[in-house]
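Letter 176 of the sequence shown, counting from 1, is numbered 178 in the working numbering, and no numbers are missing.
Shown next, in structure tokens, is the structure this report addresses.
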Amino acid sequence: MLSSSLSSHLLGILLVSVAFLGFARGIVRRGKGRSFNPLPVFMLLLVALAYQLFYPATGILSRFAHLMVDFGAGMIIGAFYLAAHRDRPKMFWVPGALGLILGSFLYGFSFLLNMESLCNRPDTVQLLVELGPDDHIDELAPTLKKYGAVAEKAFPNVDLSEDEDLAQYYVVFVDSTKRIPLEIELKGDRENVDQLDLNRPLELIRPLEADATRRPPTEFLANDPYLTNQWFASALNYNGVYELLRSHTPKQKVKLAIVDTGVDQGHEDLQPVYRRSGGDGDKDQHSHGTHCAGLAGAATNNGKGVGSLNWNGDFVQISGYPALDAQGRGTDRRVAQAIIDAAEDGAQVISMSLGGFSPFGAPKAQRDAIKYARKLGAIVVVAAGNSNDDARKYSPANIDGVITVGAVDENLRKASFSNTNTRLKRPIAAPGVNILSSTPGSKYQAFNGTSMATPLVSGLVGILKAYRPDLTTDQVYAILNETGTQAPDTDKVGRVINPLGALQSVLK
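In structure tokens form, the structure reads like this:
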């Protein structure tokens with residue numbers, strides 16, 4: 003069935019077309035010496051003009067656009083009539099074509115203007131709508147029009163041949179006062195709408211400022227000056243790992259994606275290992291993503307800054323994908339898009355130190371994005387969260403297929419802030435207190451958080467895959483868990499990673 007707006011627009015075109023057919027017929031009659039009274043035709047044109055002025059469009063620009071399109075179409079139809087009677091059709095062809103072109107341009111411009119205005123209004127709500135694989139957004143047009151909503155592709159770089167779920171997501175922008183009735187109507191459209199969620203705001207798992215005062219000196223094989231301030235490097239026996247890495251050549255350099263606030267590609271300790279991702283991912287106006295990147299794979303034994311497991315920078319290359327803005331805020335859609343971008347760029351490990359409260363399960367867009375990334379071969383490592391709560395209530399920690407990381411302190415006890423993760427399928431723990439790493443501008447700072455523990459695990463996963471590219475998520479987790487250290491709070495946050503034991507397991 004045609005929508006009322008479409009039916010009204012067709013009526014406008016019909017009125018104008020009949021009027022210009024009348025003009026064309028009159029011109030032909032005059033050419034043959036017959037009489038022609040133009041008054042009825044003029045009256046019909048005035049009716050059409052009045053109709054369009056009161057046409058229920060969104061504004062004066064849309065009304066004028068409709069008017070130009072209708073008059074252009076009417077003149078083209080009149081031109082066909084004149085051409086059929088060989089009587090100067092050009093007088094209608096040219097202005098008719100110009101009317102169609104100008105009207106189409108104005109209509110498109112008014113649509114974009116309206117969409118931009120709606121999308122940027124503070125009282126606008128965003129909904130994530132997933133259609134069925136055989137459905138099209140045009141089928142929702144009458145409903146969207148009814149509530150003044152506009153829609154755009156959520157993940158335009160994914161087509162149906164790649165993933166029939168992600169390809170069918172749209173973001174619908176609607177005034178907050180109309181959200182509930184629109185949701186009710188869309189949820190009732192079971193023929194077209196498979197899933198509807200609020201595009202929730204998310205934020206990074208905020209780290210807590212910490213103290214990285216110099217610890218009792220440890221003799222490290224690496225020459226990075228701040229290694230002595232990284233207590234976890236001693237606790238996790240980085241020296242033993244360095245001994246093995248120096249004597250075993252990797253099979254590949256693993257692509258590790260930091261899905262976060264971006265990464266400062268020019269940082270002195272990251273530049274040697276950084277692979278450009280393009281866009282805003284190669285800069286960091288916050289600091290969180292750069293801090294995580296240093297823990298996952300800072301160039302090590304380069305005489306600068308901090309150390310990681312990335313000996314000589316030969317094992318892992320880092321890329322940043324912005325899921326969060328300069329204030330550390332994002333949305334489900336933006337997080338999912340960053341995951342998709344990382345996966346399509348060939349990321350083999352994706353590290354995510356962000357999340358949101360999801361007591362009733364993770365949003366489907368995030369689940370589908372992680373499923374897509376895993377299908378393309380990525381291992382996804384995520385933070386458990388800093389709320390001293392059950393990680394099952396937080397996404398992406400509670401999404402099937404991920405490795406969820408809790409934090410421990412210098413005594414390898416659960417950090418006071420860390421969520422528990424042992425009711426999830428793949429719990430593991432790593433140091434997350436007083437963790438020194440890189441920050442933008444070639445600086446260094448210490449933070450606390452599961453955000454810090456997560457890239458330590460991600461970096462280790464990258465090292466393992468450098469030697470065994472075929473390792474799957476389940477295989478990697480089995481290695482981490484079986485070789486992990488039993489600690490006082492293993493029942494709350496899982497075993498603490500043992501990098502040397504994990505590496506020995508892969509190399510034996």
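Glycine residues also receive a C-beta, built at the ideal position from the N, C-alpha and C atoms.
Here the structure is a predicted model, which is why all the values come from computation and not from measurement.
Subject >> Best match in Phe-419, Asp-391 and Lys-427 for proximity to Thr-406 [C-alpha to C-alpha] >> reply: Translated into positions along the sequence shown, residue 406 becomes position 404. When only C-alpha atoms are compared, the closest one is Lys-427.
Original post:
In or out: Gln-128 buried (at least 16 other Cβ within 10 Å) or exposed?
Top reply: Looking up residue 128 in the sequence shown gives position 126. So Gln-128 counts as buried.
Subject >> Where Gly-403 falls: helix, strand or coil (DSSP) >> reply: Here residue 403 is taken as the residue at index 401 of the sequence shown, counted from 1. Reduced to three states, the DSSP call for Gly-403 is coil.
Original post:
Whose C-beta lies closer than 8 Å to the C-beta of Gly-223 among residues of the same chain, with five residues either side of it excluded?
Top reply: As a first step, residue 223 is located in the sequence shown; it is residue number 221 there, counting from the start. Sequence inspection shows Leu at residue 223; the Gly mentioned does not correspond to that position. Excluding sequence neighbours, Leu-223 sits near Asn-241, Tyr-244, Glu-245, Arg-248 and Asn-303.
Original post:
Under three-state DSSP, which class holds Gln-350?
Top reply: Indexing the sequence shown from 1 puts residue 350 at position 348. The answer is coil: DSSP assigns Gln-350 none of H, G, I, E or B.
Original post:
Quick one, which of Glu-412, Pro-457, Asp-402 and Phe-359 has its alpha-carbon nearest Asn-231's?
Top reply: As a position in the sequence shown, residue 231 is number 229, starting the count at 1. Selected option, being the one with the closest Cα: Glu-412.
Subject >> Backbone secondary structure at Gly-408 - three-state DSSP >> reply: Your numbering for residue 408 matches position 406 in the sequence shown. Here Gly-408 sits in strand by DSSP.
Original post:
How big is the Cα-Cα spacing for Leu-473 and Ala-349?
Top reply: As a position in the sequence shown, residue 473 is number 471, starting the count at 1. As a position in the sequence shown, residue 349 is number 347, starting the count at 1. Cα-Cα distance, rounded: 14 Å.
Original post:
Roughly how many angstroms separate the alpha carbons of Thr-424 and Ala-345, rounded to a whole number?
Top reply: For this step, residue 424 is matched to residue 422 along the sequence shown. For this step, residue 345 is matched to residue 343 along the sequence shown. Approximately 27 Å, taken between the alpha carbons.
Subject >> Length of the line joining the Cα atoms of Val-71 and Lys-257 >> reply: The residue given as residue 71 occupies position 69 in the sequence shown. The residue given as residue 257 occupies position 255 in the sequence shown. Taking the straight line from one Cα to the other gives about 52 Å.
Original post:
Just checking my contact of Asp-421 with Ala-393 at CB under 8 Å: how many whole Å lie between their CB atoms?
Top reply: Counting from 1 along the sequence shown, the entry for residue 421 is found at position 419. Counting from 1 along the sequence shown, the entry for residue 393 is found at position 391. Looking at the sequence shown, residue 421 is not Asp but Asn. Contact flag correct, Cβ pair sits at about 4 Å.
Original post:
Looking at Asp-334 and Ala-279, is the spacing between their C-beta atoms short of 8 Å?
Top reply: Sequence index remark: in the sequence shown, residue 279 carries index 277 (1-based). Sequence index remark: in the sequence shown, residue 334 carries index 332 (1-based). The amino acid occupying residue 279 in the given sequence is Ser; Ala does not appear at that position. Not a contact, by the Cβ cut-off of 8 Å.
Subject >> Range covered by the alpha helix (DSSP H) that runs through Pro-490 >> reply: The residue labelled residue 490 in the question sits at position 488 within the sequence shown. Careful: Pro-490 lies outside any alpha helix (DSSP H) and carries neither H nor E.
**OP:** Could you name each continuous beta strand (DSSP E) segment of 3 residues or more that falls completely within the segment 408 to 494, going from the start of the chain to the end?
**Re:** Counting only runs of 3 or more, we get 429 to 433, 437 to 441 and 445 to 450.
Subject >> Proximity of Pro-194 and Leu-142 at Cβ, strictly below 8 Å >> reply: In the sequence shown, the residue the question calls residue 194 occupies position 192. In the sequence shown, the residue the question calls residue 142 occupies position 140. Note that residue 194 corresponds to Asn in the displayed sequence, not to Pro. A contact, by the Cβ cut-off of 8 Å.
Subject >> Backbone secondary structure at Arg-497 - three-state DSSP >> reply: Here residue 497 refers to the residue found at position 495 of the sequence shown. Note: Arg-497 maps to coil in three-state DSSP.
Subject >> Validate contact between the segment 360 to 379 and the segment 174 to 181 using beta carbons, cut 8 Å, 3 pairs >> reply: no
Original post:
In three-state DSSP terms, what is Leu-154?
Top reply: One-based indexing of the sequence shown puts residue 154 at position 152. The sequence shown places Glu at residue 154, not Leu. Reduced to three states, the DSSP call for Glu-154 is strand.
Original post:
Skipping 5 residues on each side, what residues in its chain have a beta carbon closer than 7 Å to that of Gln-254?
Top reply: Against the sequence shown, residue 254 aligns to sequence position 252. Closer than 7 Å at Cβ, skipping near neighbours: Ala-468 and Pro-471.
Subject >> the segment 358 to 366 / the segment 386 to 402 touching (three or more Cβ pairs under 8 Å) >> reply: yes
Subject >> According to DSSP, residues forming a beta bridge with Ala-259 >> reply: Walking along the sequence shown from the start, residue 259 turns up at place 257. DSSP, once it has assigned bridges, lists Ser-321 and Ile-352 as partnering Ala-259.
Original post:
Given a threshold of 16 other Cβ atoms within 10 Å of its Cβ, counted over all protein chains shown, does Ala-52 qualify as buried or as exposed?
Top reply: Looking up residue 52 in the sequence shown gives position 50. So Ala-52 ends up on the exposed side.
Original post:
Mind checking whether Ser-321 and Ala-385 have CB atoms under 8 Å apart?
Top reply: Translated into positions along the sequence shown, residue 321 becomes position 319. Translated into positions along the sequence shown, residue 385 becomes position 383. Result no, Cβ atoms of Ser-321 and Ala-385 do not sit closer than 8 Å.
Original post:
Bridge partners of Gln-128, per DSSP?
Top reply: Along the sequence shown, one-based indexing puts residue 128 at 126. Answer is Phe-175.
Original post:
In whole angstroms, what is the alpha-carbon distance linking Gly-190 and Thr-251?
Top reply: Counting from one through the sequence shown, the residue named residue 190 turns up at place 188. Counting from one through the sequence shown, the residue named residue 251 turns up at place 249. Each residue's alpha carbon lies about 58 Å from the other.
**OP:** Look up Thr-333 in the DSSP assignment and say whether it is helix, strand or coil.
**Re:** Walking along the sequence shown from the start, residue 333 turns up at place 331. Thr-333 falls in the strand class under three-state DSSP.
Original post:
How about Ala-448 and Leu-438: do their beta carbons lie closer than 8 Å?
Top reply: If you number the sequence shown from 1, residue 448 lands on position 446. If you number the sequence shown from 1, residue 438 lands on position 436. For Ala-448 and Leu-438, yes; Cβs fall inside 8 Å.
Subject >> Helix, strand or coil at Ser-236 according to DSSP, with G and I counted as helix >> reply: For the purposes of this step, residue 236 is identified with residue 234 of the sequence shown, where counting begins at 1. Ser-236: helix per DSSP, three-state reduction.
Subject >> The beta strand (DSSP E) enclosing Ala-385, as first and last residue numbers >> reply: On the sequence shown, position 383 is the one that residue 385 refers to. Looking at the DSSP string, the run of the beta strand (DSSP E) that includes Ala-385 is 381 to 385.
**OP:** Tell me where the alpha helix (DSSP H) around Glu-187 begins and ends.
**Re:** Taking the sequence shown and counting its residues from 1, the one referred to as residue 187 is at position 185. Element bounds for Glu-187: 181 to 190.
Original post:
Could you give the residue range of the beta strand (DSSP E) that holds Pro-203?
Top reply: Counting from 1 along the sequence shown, the entry for residue 203 is found at position 201. Under the DSSP assignment, Pro-203 falls in the beta strand (DSSP E) whose first and last residues are 203 to 206.
Original post:
Would you call Met-354 buried or exposed, if buried means 16 or more other Cβ atoms sit within 10 Å of its Cβ?
Top reply: As a first step, residue 354 is located in the sequence shown; it is residue number 352 there, counting from the start. Met-354 should be labelled buried.
Original post:
Buried or exposed: Ser-460, going by 16 or more other Cβ atoms within 10 Å of its Cβ?
Top reply: The sequence position of residue 460 within the sequence shown is 458, counting from 1. Classification for Ser-460: buried.
Original post:
Just reading off the beta strand (DSSP E) that Gln-197 is part of, what are its end residues?
Top reply: As a first step, residue 197 is located in the sequence shown; it is residue number 195 there, counting from the start. Run containing Gln-197: 195 to 200, per the beta strand (DSSP E) assignment.
**OP:** Would you identify the three-state DSSP class for Ser-310, choosing helix, strand or coil?
**Re:** As a first step, residue 310 is located in the sequence shown; it is residue number 308 there, counting from the start. The answer is coil: DSSP assigns Ser-310 none of H, G, I, E or B.
Subject >> Beta-carbon proximity of Pro-490 to Leu-458, cut-off 8 Å >> reply: Residue numbering aside, residue 490 sits at position 488 when the sequence shown is read from its first letter. Residue numbering aside, residue 458 sits at position 456 when the sequence shown is read from its first letter. No, they are not a contact pair.
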